[in-house]
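Let me begin by presenting the structure, written as structure tokens, before commenting on it.
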Amino acid sequence: MNRRQFLFSAATAALAGPSLLSYSGKLFAAPASTPRFLLVFLRGGYDCNNLLVPYSSDFYYQSRPTLAIAKPDASNPNSAIALDSHWGLNPVLKDSIYPLWQRKQIAFVPFAGTDDMSRSHFETQDNIESGEPTGERTDYRSGFLARLSGTMTTVPSIAFTDALPLSFQGGKRDIPNISLRGVGKPAFDERQSAILSGMYQGTPLAAAASDGLDLRQKVSKELQDEMMKANRGAATAKNFADETQRIATLMRDQYRLGFVDVGGWDTHVNQGSTSGQLANNLSNLGQGLAAYANALGDEWNNTIVVVVSEFGRTFRENGNRGTDHGHGTVYWVLGGKVNGGRIAGEQVAVNQQSLLQNRDYPVLTNYRDMLGGMLAKTWGLSGSQLQTVFPGAKPKNLGLV
Amino acid sequence: MPAMAAREGTLSQDDIAWLRRDGFDLNSATVARYRDLGRSRYLDEQLSDRIGDDLPPEISQLLASYEVNHTSTNDLLIGLQDEQQKIKDMPEGDAKADARKFQQQHANDLLQQAQQTEMLRAVYGGNQLKEQMVWFWLNHFSVYAAKGRIRWVASDYAQNTIRPHALGKFRDLVMATLESPAMLEFLDNAQNAKGHVNENYARELMELHTLGVHGGYSQQDVQQLALILTGSGIVPPKRDNQPPRLSPQMQPLYIRQGVFEFNPNRHDFSDKTLLGQTIKGSGFKEVEQAVDLITRQPACAQFVSRKIAEYFVGDQPPQALVDRMAHTFRRSDGDIAKVLRTMFESKELLATRGKKFKDPTQFVVSSVRLAYDGKPLVNAKPLLNWMNQLGEPVFGRLTPDGWPLDSTGWSSSGQMSKRFEIARAIGTGDNRLFTPEGSPKVGAGFPMLTTRLYYDAIEPNLSAATRDALAKAASQQEWNTFLLSSPDFNFR
């Protein structure tokens, strides 16, 4: 069986029954008008206090003798960029994120997070990805994006990761996953892929086997074409921007719900302020998001990106010029048509009294309520659909979408 | 059960189907032994645990070189305490940060040694049924390595807690896990004390380990069991291994076993009611009574039997089979070997052949067994990498429920293509299994899968689609890759 025949028979098989939904999207371009949603998970708990600088707080400067970022000052390129009279942006984002802010295409939501108080990376990441109320998890294998994907029929979904993240596990349909950090040659050429898929024809795993092989073929081919066009030599992504441009290629035409994670945020030691580990990571992230917006072109107007992390970090710096695990953090919401250029959600003055356990930011906006409100609006989910995605959530409308 | 093995010629299809589930699939040694003994003696030998845990000498030497395997748990924990104290006493600065980093690296090394030990025993262990049960129980009584001190005690948990009881009495296995530092740390019972009750372990002991979520216990039972479990914990290393100060009445109630201790000062001595039975406040004896009571519930026999059948027989195992296994469980007071015998002598085991999709562990272990057929590898790191890539590393399940036993968790499109890629790495020899850690890569060559074993035991049962694929292979490497990727090999 050659590849064409194989694709044809797979299509016929797919049309014959419910496996239609399990097909990973290559046969149906999603309707152009449906919105795109990308969740970016910063694993490790990023230090939000050196992203969104509470520059009007003296307590911030007392708490971070070596890590604080200077108050906005036109003559100092290493000072925070004023966003309003209280909050400033880390200047490493001047050329990537700040232009989006000026176009009102990004909002920040401080004091956001979960009510899981373990301050453990793994427990809190799991807690968020599950989307279930803390302490009442009924299914350890079910993620909120999988449930979201399952409530809708026209939202092809994909994880841009090596393994399927918990967010996308346990759903009713197959969610493909593929990392776009590097684009090596796929392990199998077309002939081999067709032979491998052929063995699984007529078995319960026929669609999974052929979809998985096919996605790798297609991605590799598309991205190699793209790279030749851009006349760039390196096949391996050295930075997040290379990766997000590849993601944009897939999200533009085929997929509508995506997930990607970025690691390296657990800065206990020498985290730096406007240079160093955290600054490099933020800069890389900012360029990646700007590149994503750019690569989507007009479709950026039909796109929402939310950046989350499992928790914030200690408000005070520690003895190693770093910060330790904290609680509340700052989420980012981006998109061509989001109601941005503002700091959204409930806030408190940043001082010692407002810290949680005299240690870190409290959570005033629960991720379930915030995402629930946003996703419901974006896709017009009913109340009961939303309860499937985030059981027990009280959706909050922050007016962002 | 008649001995159906044919001493000469090919084994019957039933024999092969049976043997593929009895072990991590086939290799020449297991097939030869089965031919010699016949099915029922082969099973007897495994279930009576007479084979022992011997490994090829090269693999034994490799395992003996690992720190976790030549250092006692007590010494590992004391070493950790010393390391922590040293770090605490250092002034803040780069040297201290480096010491912390070094300590993390050490902990990760210990975990990798424990994981490699488990994988190597699965590949090379002579009693393959027991090796599968060791993995099964490690997963049933799952612990997550990254929590607390578990990386230091993970190997102890596998080798000294689970392995000795893998084919024994279920009740003894529960008691062994209950007293293990790994479980005490993972589910927080080390912190469970009178006035500071922690219910975490009490709940999971009933929900995940014995009765199942609808096993007929109430929140009240969880609370009562938590009280019963107060005082069972880990010897605090800070105490320099001295017993705690105890009043004369309490002294005889103190128990210490390795690094486990029952500290009567931390125990709630009130009378409890568990599952309708009164348990008099008496100290650690309450725990033994409670475990007896719980493991003798009909729900426990059902729950454990169903999980075993789900692992070996099918995602939805036949209820009649589960009922018979549960009956054996109750009649034998939870004798695991007898429950396994009921299953391995059942008609359902053979009737459901070829329907159970291998989980990643079964896939990787059975691929290496078939491809290298007993040849001792020198570097087990690739095995761990493959388990990580497929998302089922041992000691890597964060939540206490263990990895899923059904196929849905392991058969997504991303999983399938990753599995084919690993089949390729094994089938083409493009891996480092025979390259010692740290040395430059040398071409180890690809394995030969077209062996007598293949023609005797595999080829006769292949599906037409797989034969067709193998016929199209352009090289031996490709042929190997296709065979290891085939549904015939990946279902059993």
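Heads up: the sequence lines are chains A and B, in that order. In terms of our numbering, the first sequence opens at residue 842 and continues consecutively. In terms of our numbering, the second sequence opens at residue 24 and continues consecutively. Virtual Cβ for every residue (Gly too), placed ideally from N, Cα, C.
Roughly how far, in whole angstroms, is the beta-carbon of residue i from the beta-carbon of residue j, given that I think they are within contact range, below 8 Å?
i: residue 395 (chain B); j: residue 159 (chain B); result: With 8 Å as the limit, residue 395 (chain B) and residue 159 (chain B) do not qualify as a contact, their Cβ atoms being about 24 Å apart.
i: residue 1225 (chain A); j: residue 1100 (chain A); result: About 24 Å; that fails the 8 Å criterion.
i: residue 143 (chain B); j: residue 349 (chain B); result: That pair is no contact at about 34 Å.
i: residue 1090 (chain A); j: residue 1064 (chain A); result: 7 Å
i: residue 294 (chain B); j: residue 302 (chain B); result: 7 Å
i: residue 56 (chain B); j: residue 103 (chain B); result: Not confirmed; about 42 Å, so no contact.
i: residue 1161 (chain A); j: residue 81 (chain B); result: The pair is not a contact, with the Cβ atoms about 44 Å apart (cut-off 8 Å).
i: residue 490 (chain B); j: residue 43 (chain B); result: Contact doesn't hold; Cβ gap of about 18 Å is too wide.
i: residue 185 (chain B); j: residue 152 (chain B); result: At roughly 15 Å, the Cβ-Cβ gap does not stay under 8 Å, so residue 185 (chain B) and residue 152 (chain B) are not in contact.
i: residue 1131 (chain A); j: residue 892 (chain A); result: Actually they are not in contact, since the Cβ atoms of residue 1131 (chain A) and residue 892 (chain A) sit about 15 Å apart, beyond 8 Å.
i: residue 950 (chain A); j: residue 1164 (chain A); result: The pair is not a contact, with the Cβ atoms about 20 Å apart (cut-off 8 Å).
Taking only beta-carbon positions, decide if residue i is within less than 8 Å of chain A.
i: residue 473 (chain B); result: no
i: residue 115 (chain B); result: yes
i: residue 335 (chain B); result: no
i: residue 439 (chain B); result: yes
i: residue 488 (chain B); result: yes
i: residue 111 (chain B); result: no
i: residue 510 (chain B); result: yes
i: residue 405 (chain B); result: no
i: residue 495 (chain B); result: yes
For the beta strand (DSSP E) containing residue i, name the first residue and the last one.
i: residue 302 (chain B); result: 300-302
i: residue 279 (chain B); result: 278-280
i: residue 928 (chain A); result: 928-930
i: residue 1219 (chain A); result: Note, residue 1219 (chain A): premise wrong, no beta strand (DSSP E); alpha helix (DSSP H) at 1208-1220.
i: residue 1147 (chain A); result: 1144-1150
i: residue 308 (chain B); result: No beta strand (DSSP E) contains residue 308 (chain B), which is instead part of the alpha helix (DSSP H) from 308-318.
i: residue 297 (chain B); result: 295-297
From which residue to which residue does the alpha helix (DSSP H) around residue i run?
i: residue 895 (chain A); result: No alpha helix (DSSP H) holds residue 895 (chain A); the beta strand (DSSP E) holding it covers 893-895.
i: residue 4 (chain B); result: Here chain B comprises residues numbered 24 to 515, so residue 4 (chain B) is not present and cannot be evaluated.
i: residue 228 (chain B); result: Where residue 228 (chain B) is concerned, there is no enclosing alpha helix (DSSP H), given that its DSSP letter is neither H nor E.
i: residue 1172 (chain A); result: Element bounds for residue 1172 (chain A): not the alpha helix (DSSP H) but the beta strand (DSSP E), 1170-1175.
i: residue 110 (chain B); result: 96-112
Is there a Cβ from chain B that is less than 8 Å from the Cβ of residue i?
i: residue 1077 (chain A); result: Confidence at residue 1077 (chain A) is low in this model, with a pLDDT of 44, below 50, so its placement is unreliable and no value can be given for it.
i: residue 1092 (chain A); result: no
i: residue 1095 (chain A); result: no
i: residue 1037 (chain A); result: yes
i: residue 965 (chain A); result: no
i: residue 1232 (chain A); result: no
i: residue 1209 (chain A); result: no
i: residue 1121 (chain A); result: no
i: residue 1088 (chain A); result: no
i: residue 989 (chain A); result: no
i: residue 875 (chain A); result: no
i: residue 1118 (chain A); result: no
i: residue 958 (chain A); result: no
i: residue 1019 (chain A); result: yes
i: residue 969 (chain A); result: no
Which same chain residues end up closer than 8 Å to residue i when comparing Cβ atoms and leaving out the 5 residues on each side of it in sequence?
i: residue 443 (chain B); result: 504 and 508
i: residue 474 (chain B); result: 51 and 396
Closer than 6 Å by C-beta to residue i: which residues in its own chain qualify, once you throw out the five before and the five after it? Chain order, please.
i: residue 382 (chain B); result: 433
i: residue 215 (chain B); result: 221, 252 and 253
i: residue 286 (chain B); result: 254 and 267
i: residue 307 (chain B); result: 278 and 285
i: residue 257 (chain B); result: 204, 207, 213 and 282
i: residue 989 (chain A); result: 1230
Spatial neighbours of residue i within its chain, please: C-beta separation below 7 Å, excluding the five flanking residues on both sides.
i: residue 39 (chain B); result: 480 and 484
i: residue 138 (chain B); result: 407, 416, 417 and 418
i: residue 1096 (chain A); result: 866, 997, 998 and 999
i: residue 863 (chain A); result: Confidence at residue 863 (chain A) is low in this model, with a pLDDT of 38, below 50, so its placement is unreliable and no value can be given for it.
i: residue 355 (chain B); result: 361
i: residue 296 (chain B); result: 247
i: residue 332 (chain B); result: 340, 344, 345, 348 and 366
| Below 8 Å, can you find three or more Cβ-Cβ pairs linking the stretch 187-197 of chain B to the stretch 356-364 of chain B? | Here the stretch 187-197 of chain B lies against the stretch 356-364 of chain B, with 3 or more beta-carbon pairs under 8 Å apart.
| said: Quick test of the definition: if touching needs 3 or more C-beta pairs under 8 Å, does the stretch 139-148 of chain B touch the stretch 104-124 of chain B? | reply: Below 8 Å, too few C-beta pairs join the stretch 139-148 of chain B and the stretch 104-124 of chain B to call them touching: fewer than three.
| So, do the stretch 916-926 of chain A and the stretch 1210-1226 of chain A have three or more beta carbon pairs nearer to each other than 8 Å? | The stretch 916-926 of chain A makes no contact with the stretch 1210-1226 of chain A, as fewer than three CB pairs between them are under 8 Å.
| said: With three or more beta-carbon pairs closer than 8 Å as the criterion, would you say the stretch 1136-1145 of chain A touches the stretch 1175-1187 of chain A? | reply: Verdict: yes, contact present.
| said: Tell me whether the stretch 62-78 of chain B and the stretch 117-126 of chain B touch, counting them as touching only if at least three CB pairs, one residue from each stretch, are closer than 8 Å. | reply: In this structure the stretch 62-78 of chain B does not lie against the stretch 117-126 of chain B, because fewer than three pairs of beta carbons, one per stretch, are closer than 8 Å.
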